[in-house]
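The block underneath contains the structure these notes are about, expressed in structure tokens.
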Amino acid sequence: MHSLNQYVEIIPLLTTFGTAIISCFYELGKRWQDFIIGLLGVLFVFFAYLFFTEDFTSSLAVHTLFDIRYNKIGMFTGGLFCLSLFIGLFPIRKSMTLNSNFLFFIAGGLGIILANNLPTFFFFWTFQRALPGNGFLRDAVHKESTVGATYIIQHLLTFFCFLGLLYFANQQGLLITPMTEFPASFFTWPVLLLSFIIIYQIHGIFPFHSWVHDLVERSTWYEFSAIFLSRAGVLLFVQLLLPTLKHDPDAFKILLLSLSIISSIYWSFRGIMEKNLNRTANYFYIAQASLLLTGLQADMTAAKGSYLHMMVISISGPALFSILSYIEHTFSMKRSSQYYGFAQYYPMLATLFCLFGFCMIGVPLGASFVVEDLVITGLLEYQPYLGLGHIIATCLNGILFFLMFTRLFLGQSPYSMPVTNKDMPLSQMLPYIIALIMLILIGVLPYLFLEKITW
Numbered sequence: 039m040h041s042l043n044q045y046v047e048i049i050p051l052l053t054t055f056g057t058a059i060i061s062c063f064y065e066l067g068k069r070w071q072d073f074i075i076g077l078l079g080v081l082f083v084f085f086a087y088l089f090f091t092e093d094f095t096s097s098l099a100v101h102t103l104f105d106i107r108y109n110k111i112g113m114f115t116g117g118l119f120c121l122s123l124f125i126g127l128f129p130i131r132k133s134m135t136l137n138s139n140f141l142f143f144i145a146g147g148l149g150i151i152l153a154n155n156l157p158t159f160f161f162f163w164t165f166q167r168a169l170p171g172n173g174f175l176r177d178a179v180h181k182e183s184t185v186g187a188t189y190i191i192q193h194l195l196t197f198f199c200f201l202g203l204l205y206f207a208n209q210q211g212l213l214i215t216p217m218t219e220f221p222a223s224f225f226t227w228p229v230l231l232l233s234f235i236i237i238y239q240i241h242g243i244f245p246f247h248s249w250v251h252d253l254v255e256r257s258t259w260y261e262f263s264a265i266f267l268s269r270a271g272v273l274l275f276v277q278l279l280l281p282t283l284k285h286d287p288d289a290f291k292i293l294l295l296s297l298s299i300i301s302s303i304y305w306s307f308r309g310i311m312e313k314n315l316n317r318t319a320n321y322f323y324i325a326q327a328s329l330l331l332t333g334l335q336a337d338m339t340a341a342k343g344s345y346l347h348m349m350v351i352s353i354s355g356p357a358l359f360s361i362l363s364y365i366e367h368t369f370s371m372k373r374s375s376q377y378y379g380f381a382q383y384y385p386m387l388a389t390l391f392c393l394f395g396f397c398m399i400g401v402p403l404g405a406s407f408v409v410e411d412l413v414i415t416g417l418l419e420y421q422p423y424l425g426l427g428h429i430i431a432t433c434l435n436g437i438l439f440f441l442m443f444t445r446l447f448l449g450q451s452p453y454s455m456p457v458t459n460k461d462m463p464l465s466q467m468l469p470y471i472i473a474l475i476m477l478i479l480i481g482v483l484p485y486l487f488l489e490k491i492t493w
């Protein structure tokens, strides 16, 4: 049984890295990308099965330099990672062509999620950022620039902060110790500072947010999601810092909570001022994700709300991107207009887009309604003005969504073609419908999900 568990545990990395390497030698065709999307679905079932198998324990060796280990937060995040990409990609698989580099994003993301110690996390983080998935090697060969200067600079900043963190861990004999087992004495001021720079830079939090602008400009939504959905910032925070959060200085914690809220407000304003709908959707998504860290840094009530929020963003975000991508592929949006009036051409997709957005911004019976209640309650109990700041940030997120929906689906269409129904077939929408049912269940019966959040 021991060897069987070991074989089972390497399946996610073996399958994703294997297909990524094969894609370097063979052109990525439609059948191949169908296989990739199917693989995401299979991996979701795999993670979900392990997550709900209460007696499952990881059999891989601990306290080794390369340490992959299955714990509840890893299985939870791994399942969300695969499910979210599957929901976004499956309905539009016939109208898009995946880049072969996408496989490296998936493989690197799963490595980050399953990493059990700092060296392993650092290795996969560097792999996902610096190897073919991001085009750095391609740039060196072809002398082409596909990433902006701020992306490279902030990547290097995080790289050196990681080296500093590894140095401090090695000095105390904790280099290969699982992150959840670090003693509170390890978290001195230099370690806290390096840790939060890494986490905030990875997660696009002000003032370490500039790299996001480069990524939004140059990456397709699914590549952007594969980087962002690995939840590297949240995952590292949970594994590294949450167990010792009670030992952090209050002033330091309040500063970091404030930065998360300010970052969400900043991204909302950027989205409100943005004219390009794709970038607006990205900014809306990042503004929501910025609020994840506010709950995790307050108390355990707010932290549970943040885990549900992670589910909501991971499911709703790619669904919104996917619907927008389908409309772009079936209807030319090259003509700049204040309003596009697509509701008359895509009535069902407009409804789904609206419902997914409602689930994200906290409308009653939507998933985020429970999320915001938990997070805001925890913040108000900890520091009332932080709870107020979170409410303001959430309101701005809602305004941004309504502006985005209004511009995309309402108003007078600038196109003169006759009105015809261009909705995708109902069978093609099935992943959206299942995802929406799940989000409504989170809003109506949150205890079904909260009782499984035991880490």
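Residues in the sequence shown are numbered from 39 upward in steps of one, following my numbering. Where a beta carbon is used, it is the ideal one built from N, C-alpha and C, also for glycine. Since we're looking at a predicted model, the values are computed, not measured.
For residue j and residue i, the rounded distance between their alpha carbons
i	j	result
Gly242	Phe234	12 angstroms
Asn228	Ile300	Just to set this straight, residue 228 is Pro in the shown sequence, not Asn. In a straight line, the C-alpha of Pro228 is about 24 angstroms away from that of Ile300.
Leu77	Ile60	15 angstroms
Tyr345	Thr54	26 angstroms
Phe380	Asp105	49 angstroms
Asn109	Ser257	31 angstroms
Phe206	Glu219	15 angstroms
Leu103	Ile74	30 angstroms
Leu127	Tyr260	8 angstroms
Pro463	Phe447	19 angstroms
Ile125	Gly211	43 angstroms
Ala58	Val83	21 angstroms
Gly343	Leu156	26 angstroms
Met476	Leu488	14 angstroms
Val409	Ser263	21 angstroms
Leu273	Ile111	8 angstroms
Glu419	Leu412	11 angstroms
Phe63	Phe142	14 angstroms
Leu429	Thr332	The sequence shown places Ile at residue 429, not Leu. Looking at the two C-alpha atoms, the distance is approximately 12 angstroms.
Arg131	Ser328	29 angstroms
Gly309	Gln209	44 angstroms
Leu204	His193	16 angstroms
Asp72	Leu136	10 angstroms
Phe89	Ala289	36 angstroms
Tyr87	Leu474	21 angstroms
Ser133	Gln466	12 angstroms
Trp70	Pro129	16 angstroms
Leu438	Gly79	31 angstroms
Phe140	Phe162	15 angstroms
Phe322	Leu486	28 angstroms
Ile365	Leu315	12 angstroms
Leu293	Phe307	21 angstroms
Leu393	Leu213	46 angstroms
Where residue i falls, given that 16 or more other Cβ within 10 Å makes a residue buried
i	result
Val350	buried
Met311	exposed
His347	buried
Val457	exposed
Tyr383	buried
Pro356	buried
Ile191	exposed
Gln166	buried
Ser302	buried
Pro469	buried
Residues of its chain near residue i, where Cβ-Cβ distance is below 7 angstroms and the 5 sequence neighbours each way are ignored
i	result
Ala319	Leu358, Phe359, Leu362 and Met442
Ser223	none
Phe85	Met113, Gly116, Gly117 and Cys120
Gln450	Tyr377 and Gly379
Phe200	Phe160 and Ile236
Lys460	Thr368, Phe369, Tyr383 and Tyr384
Thr158	Phe104, Asp105 and Ile106
Gln326	Ile351, Met398 and Asn435
For residue i, the residue or residues it bridges with in DSSP
i	result
Ile106	Ala153
Cβ-based neighbour list, residue i, same chain, cut-off 8 angstroms, excluding 5 preceding and 5 following
i	result
Leu51	Ile106, Ala145, Leu148, Gly149 and Leu152
Phe197	Thr164
Ser122	Ser263, Leu267, Ser352, Ile353, Gly355 and Pro356
Close-in-space but distant-in-sequence residues of the same chain around residue i (CB under 6 angstroms, 5 per side omitted)
i	result
Phe245	First, the amino acid is wrong: residue 245 is Pro here, not Phe. Contacts found: none.
Asn172	For Asn172, the pLDDT reaches just 48, beneath the cut-off of 50, and the residue's location in the model is therefore unreliable, although a value from the coordinates is still provided. So no residue of the chain qualifies.
Leu424	Leu295 and Leu417
Tyr238	Phe246
Asn154	Asp105, Arg107 and Pro216
Leu387	Ile361 and Asp461
Phe391	Ile361
Residue i: CB within 7 angstroms of a non-hydrogen atom of the ligand MN
i	result
Thr115	As presented, the structure is devoid of all ligands, the ligand MN included, so that no description of it is given.
CB contact below 8 angstroms: residue i versus chain C
i	result
Ala319	Going by chain labels, chain C is absent from the structure shown, which holds only one protein chain.
* Asked: For the stretch 415 to 446, which segments carrying the beta strand (DSSP E) assignment without a break, of at least 3 residues, lie completely within its bounds, in sequence order?
  -> none
* Asked: At what residue ranges does the stretch 179 to 233 contain a whole run of the alpha helix (DSSP H), taking only runs of 4 or more?
  -> 187 to 209
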